[in-house]
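What follows is a single structure, written as structure tokens, with notes after it.
Numbering (this note's numbering), first residue to last: 1 to 84.
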């Protein structure tokens, strides 16, 4: 992406981590089964996100988050939109 040079090392590492997670845990069938009226995440999937530390990226570390800036969260979301 064009803004790669603007991300910190931590944000680039997060993006790579999310990319691996999406590739390993998100199947095309998983995405096809969702639509604008039926967005439901299976409990197991949300638990995996939590175990990986991908929920609450912007929450302070003392509350279980990573304390990241908006740029890190946006970089992670952009990777998710690309899909597996």
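Backbone N, C-alpha and C define an ideal beta-carbon position, used for all residues, glycine too.
- Counting the other Cβ atoms within 10 Å of the Cβ of residue 64 gives fewer than 16, which makes it exposed.
- When rounded, the separation of the alpha-carbon atoms in residue 48 and residue 66 is 16 Å.
- Here residue 28 has 84 as same chain residues with Cβ atoms under 7 Å from its own Cβ, once five neighbours each way along the sequence are excluded.
- In this structure, residue 52 places its C-beta atom within 8 Å of the C-beta atom of residue 21.
- For residue 57, the secondary structure class from DSSP, reduced to helix, strand or coil, is coil.
- Using a Cβ distance threshold of 8 Å, residue 14 and residue 76 count as a contacting pair.
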